[in-house]
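**Q** This is the structure I want to talk about, given as structure tokens.
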Amino acid sequence: MTRRFALLFALLFVVNCTTSPIATPSASATPKARVTAAPFPTSITDFQGRSVAISKRPERIVSIGPSNTEFLFALGAGDRVVGDDDFSDEPAAAQTKEHVGGVKVNLEKVVSLKPDLIVTVKFSDGTIEALSQTTAAVLVVDPQGAADVARSATLIGQAIGADGAKLASDIQKQLDAVKAKTDTAPKFRVFHEVDASDPAKIYTVGPGSFIDDLINLAGGTNVFATTKSAYPTVSGEEIVRADPEVIVLGDALYGTTIDSVASRPGWAALTAVKNKRVYAGISLFSRPGPRLGEAAQEYAKLVHPELFK
Numbered sequence: 152m153t154r155r156f157a158l159l160f161a162l163l164f165v166v167n168c169t170t171s172p173i174a175t176p177s178a179s180a181t182p183k184a185r186v187t188a189a190p191f192p193t194s195i196t197d198f199q200g201r202s203v204a205i206s207k208r209p210e211r212i213v214s215i216g217p218s219n220t221e222f223l224f225a226l227g228a229g230d231r232v233v234g235d236d237d238f239s240d241e242p243a244a245a246q247t248k249e250h251v252g253g254v255k256v257n258l259e260k261v262v263s264l265k266p267d268l269i270v271t272v273k274f275s276d277g278t279i280e281a282l283s284q285t286t287a288a289v290l291v292v293d294p295q296g297a298a299d300v301a302r303s304a305t306l307i308g309q310a311i312g313a314d315g316a317k318l319a320s321d322i323q324k325q326l327d328a329v330k331a332k333t334d335t336a337p338k339f340r341v342f343h344e345v346d347a348s349d350p351a352k353i354y355t356v357g358p359g360s361f362i363d364d365l366i367n368l369a370g371g372t373n374v375f376a377t378t379k380s381a382y383p384t385v386s387g388e389e390i391v392r393a394d395p396e397v398i399v400l401g402d403a404l405y406g407t408t409i410d411s412v413a414s415r416p417g418w419a420a421l422t423a424v425k426n427k428r429v430y431a432g433i434s435l436f437s438r439p440g441p442r443l444g445e446a447a448q449e450y451a452k453l454v455h456p457e458l459f460k
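Shown next, in the form of structure tokens:
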């Protein structure tokens with residue numbers, strides 16, 4: 152797998168999308184959900200509009216997608232997760248589970264784990280159809296923007312018999328608190344770099360992405376908010392013309408350094424570079440999961456540090 156594809160795939164873990172991950176602070180601020188005796192059987196409409204029937208409380212769960220894995224642990228079902236994907240690294244206990252593949256799901260491995268529930272992101276290569284041929288219920292949960300996070304918590308909670316609505320409410324309260332803090336602050340121009348391994352095609356974020364939502368919540372304005380893709384490619388010249396006041400390097404763990412940015416053609420004149428407002432991204436910015444409220448606060452600290460002194 153090429154470095155570029157690994158970077159882009161891991162961020163949202165969707166075969167037909169473009170994105171990337173980063174470093175890891177404590178997950179201690181993740182809102183905790185209480186486990187409840189939700190009624191079973193139940194029927195749930197998932198992110199693909201499929202009606203998913205779950206006959207009883209799932210005891211063996213396979214999670215495909217880092218966000219989904221974090222949700223399951225945050226909802227108190229970590230001990231019921233018997234397998235997850237190669238990119239599920241949070242919380243630390245997720246790394247001890249059996250892995251069922253990364254870019255391509257290992258169907259035989261999934262079947263060998265005998266799950267009664269599979270929670271997965273969207274795929275466009277027939278993976279969902281193949282998983283649906285197993286004996287497990289298959290629930291597609293694929294958050295893209297911040298608004299999808301509450302729905303994800305609620306759906307997964309309903310599927311496993313946990314209070315997902317409470318978790319969703321707690322996350323929303325965190326987001327609202329950040330917005331209230333930054334609402335009247337100046338809107339700085341922000342450029343978020345996903346991957347610049349090809350200088351002619353630098354991946355960034357656009358409308359519909361959760362990172363675009365983070366920028367807005369943080370009191371910034373995404374310099375590429377008017378693009379037609381959630382994860383567009385832009386040239387270095389376009390970035391220079393946009394003249395961001397804040398730059399966040401989502402590819403910081405993959406060789407891109409704050410100091411190296413100034414050596415790019417024309418970048419030394421950028422307002423963000425001149426004012427030393429180029430920051431290394433962190434793993435909280437890499438997935439729309441239960442720590443999104445914490446991610447919004449950390450992003451706001453980069454855009455408006457004066458509000459958090």
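Counting in the working numbering, the sequence shown runs from 152 upward without gaps.
Just so you know, even glycine gets a beta-carbon here, dropped at the ideal spot from N, CA and C.
For E396 and Q448, I'd like the C-alpha separation in whole angstroms.
**A** Spanning the two alpha carbons is a distance of roughly 19 Å.
**Q** Using C-beta distances below 7 Å, list every residue in its chain close to T377, excluding the 5 sequence neighbours before and after it, in chain order.
**A** Excluding sequence neighbours, T377 sits near nothing in its chain.
**Q** So what does DSSP say about F238, is it helix, strand or coil?
**A** Correct three-state label for F238: coil.
**Q** Would you please state the rounded distance, in angstroms, between the beta carbons of A347 and T407? I believe it to be under 8 Å.
**A** That belief holds up - the Cβ atoms of A347 and T407 are roughly 6 Å apart, short of 8 Å.
**Q** So I205 is in the beta strand (DSSP E); what residue range does that whole segment cover?
**A** Run containing I205: S202 to I205, per the beta strand (DSSP E) assignment.
**Q** Can you tell me which of the three DSSP states G136 falls into?
**A** The structure shown does not extend to residue 136, since the chain is modelled only from 152 through 460, so no value can be given for it.
**Q** Considering only C-alpha positions, which residue in the set D235, A419, L443 and G216 is nearest to K265?
**A** When only C-alpha atoms are compared, the closest one is D235.
**Q** Mark N367 as exposed unless 16 or more other C-beta atoms lie within 10 angstroms of its C-beta, in which case mark it buried.
**A** Flag for N367 reads buried.
**Q** When the Cα atoms are used, what is the spatial distance from V213 to K317?
**A** One C-alpha to the other measures close to 23 Å.
**Q** I need the boundaries of the beta strand (DSSP E) containing F342, first residue and last residue.
**A** Where F342 is concerned, the enclosing beta strand (DSSP E) stretches over F339 to E344.
**Q** Could you round the C-beta distance between L282 and V261 to whole angstroms and report it? I think they count as a contact, below 8 Å.
**A** Going by Cβ atoms, the distance from L282 to V261 rounds to 7 Å, so yes, they are a contact pair.
**Q** Just how far apart, CA to CA, sit V345 and K460?
**A** The alpha-carbon atoms of V345 and K460 are separated by roughly 28 Å.
**Q** So, are the CB atoms of V256 and A451 less than 8 Å apart?
**A** No, Cβ-Cβ distance for V256 and A451 is not below 8 Å.
**Q** Residue range of the alpha helix (DSSP H) that L368 falls in?
**A** Segment F361 to L368, the alpha helix (DSSP H) holding L368.
**Q** Going by other Cβ atoms of all chains shown within 10 Å of its Cβ, with 16 needed for buried, is S303 buried or exposed?
**A** Buried, since its Cβ has 16 or more Cβ neighbours within 10 Å.
**Q** If I measure Cβ to Cβ from T278 and keep anything under 7 Å in the same chain, skipping five residues before and after, which residues do I get?
**A** Within the same chain, T278 has close Cβ partners V256.
**Q** Could you pull out every residue in the same chain whose Cβ sits closer than 8 Å to the Cβ of N426, ignoring the five residues on either side in sequence?
**A** Correct list, in chain order: E396.
**Q** At which residues does the alpha helix (DSSP H) containing A297 begin and terminate?
**A** Run containing A297: none; DSSP gives neither H nor E here.
**Q** Does P209 pass the burial test, meaning 16 or more other C-beta atoms within 10 Å, or should it be called exposed?
**A** Counting Cβ neighbours within 10 Å, P209 comes out buried, since at least 16 surround it.
**Q** R201 to I195, Cα distance in whole Å?
**A** If you take the alpha carbons of R201 and I195, they lie about 8 Å apart.
**Q** Comparing C-alpha positions only, which one of K248, V374, A204 and R442 sits nearest to A423?
**A** The residue with the shortest Cα to Cα distance from A423 is V374.
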